[in-house]
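As numbered in this note's numbering, residues 275 to 562 make up the sequence shown, in order.
For each residue, glycine too, the CB sits at the ideal point set by N, CA and C.
What follows is one structure encoded as structure tokens, with my remarks underneath.
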Amino acid sequence: MSRALIDALNKLVAAQGSLASSQLSVAQRLALNEFAQQTGIVAQRPQGRGSLYVLINQVQLAQYLSILQPIQPEQIHTLPQRTANLALYRNSKSQAHQHDWHYVLIKAMTGQEVIWQHQQKTLPLTQLTHLAGCASLMIHSQDDWHSKQPLWLVENQALFDDLSWLPAEATGTVLYYAGHIHGVLLDWLAKQPRCSELILFADYDGVGLSNYVRLCERLQQQVQFWLMPNWQQKLQYMGNRELWLNNRPLFDSSVAKLNHLEAAKAVMPLIEAMRYSALALEQEAVFL
């Protein structure tokens, strides 16, 4: 079943049965043209330099739509987004969607008591880390979860599993994300300060720089892009040419955005080294 057809038919109904082709996307016009030829319920007529879609049989169209879309748009406002997609298009993934809530894994570094607070609630992260290895936090941009200690964001699970790579003076929380920072997590960080310091340790590639740019663009709080000790030598001897090439377009677009941000100064030596060597470096190199 075509989402483009359903949307086009709903637009035609909303326009009282007469709709200019310019009001439809290319996909919607193609779907409506095929529907008109097959059913005769809708007709396409020339109008000026374009065309006009005209409803011929309103009763038949109402019956057809009731089969395609048994639940009307005005009935879905209280439903979760994917459930609403299923109700409207019989496909939970038919539209771009993002859950309102997101779950993140966090763990406390050793050597200091780490707690997170939300209004009158307290999450004893150090205790939970000792008990279960880590904790899961359900976040939403409107919540108040925060810590008075630093927050490290790490991209790969190996660094979340084993925190021995951290500087000796590091304190606070480590949060694991995978690949691109999730939209809800980004919204959550941008809504209000969640920590005393925010440190990003990502792969040194296009994806890592892209995440840095997204954070710097959205957050009022300063974001630190962490450079591992001896990163220059590690880039030279353990850098990956294939990873560099695969992420080169994202690298270039991220650098272009960084040039307009004050945050560019902190990572410019890394950017120049990556350009010169045509290499990217995965963050697991910190263990070597």
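DSSP puts S299 in a beta bridge; with which residues?
BP columns for S299 are empty, so no partner.
So Y478 packs on A552, CB below 8 Å; how close in whole Å?
13 Å between Cβ atoms; not a contact.
Quick check on the burial criterion: 16 or more other C-beta atoms within 10 angstroms. Buried or exposed for L427?
buried
Hey, C490 and S421: beta-carbon distance below 8 Å or not?
no
Relative to the C-alpha of S325, which candidate in H414, L472, P523, Q297 has its C-alpha closest?
Q297
Output the boundary residues of the alpha helix (DSSP H) element that contains R468.
Careful: R468 lies outside any alpha helix (DSSP H) and carries neither H nor E.
Answer with buried or exposed for L476, where buried requires no fewer than 16 other C-beta atoms within 10 angstroms of its C-beta.
Looking at the sequence itself, residue 476 is Ala, so the reference to Leu does not match. Label assigned to A476: buried.
Helix, strand or coil at Y478 according to DSSP, with G and I counted as helix:
strand
Does the Cβ of L562 have 16 or more other Cβ atoms within 10 Å, making it buried, or fewer, making it exposed?
exposed
Using three-state DSSP, classify L535 as helix, strand or coil.
coil
Report yes or no: do the segment 479-487 and the segment 519-535 share at least 3 C-beta pairs separated by less than 8 Å?
yes
DSSP three-state assignment for G457, whether helix, strand or coil
helix
Assess contact between the segment 511-518 and the segment 535-543, defined as three or more Cβ pairs (one per stretch) separated by less than 8 Å. Is contact present?
no
Considering only residues of the same chain and omitting the five flanking positions on each side of E387, which have a CB-CB separation below 6 Å?
T400
My output table needs one value for R323: the three-state DSSP class, helix, strand or coil.
coil
Give the range of the beta strand (DSSP E) segment to which I389 is assigned.
389-392
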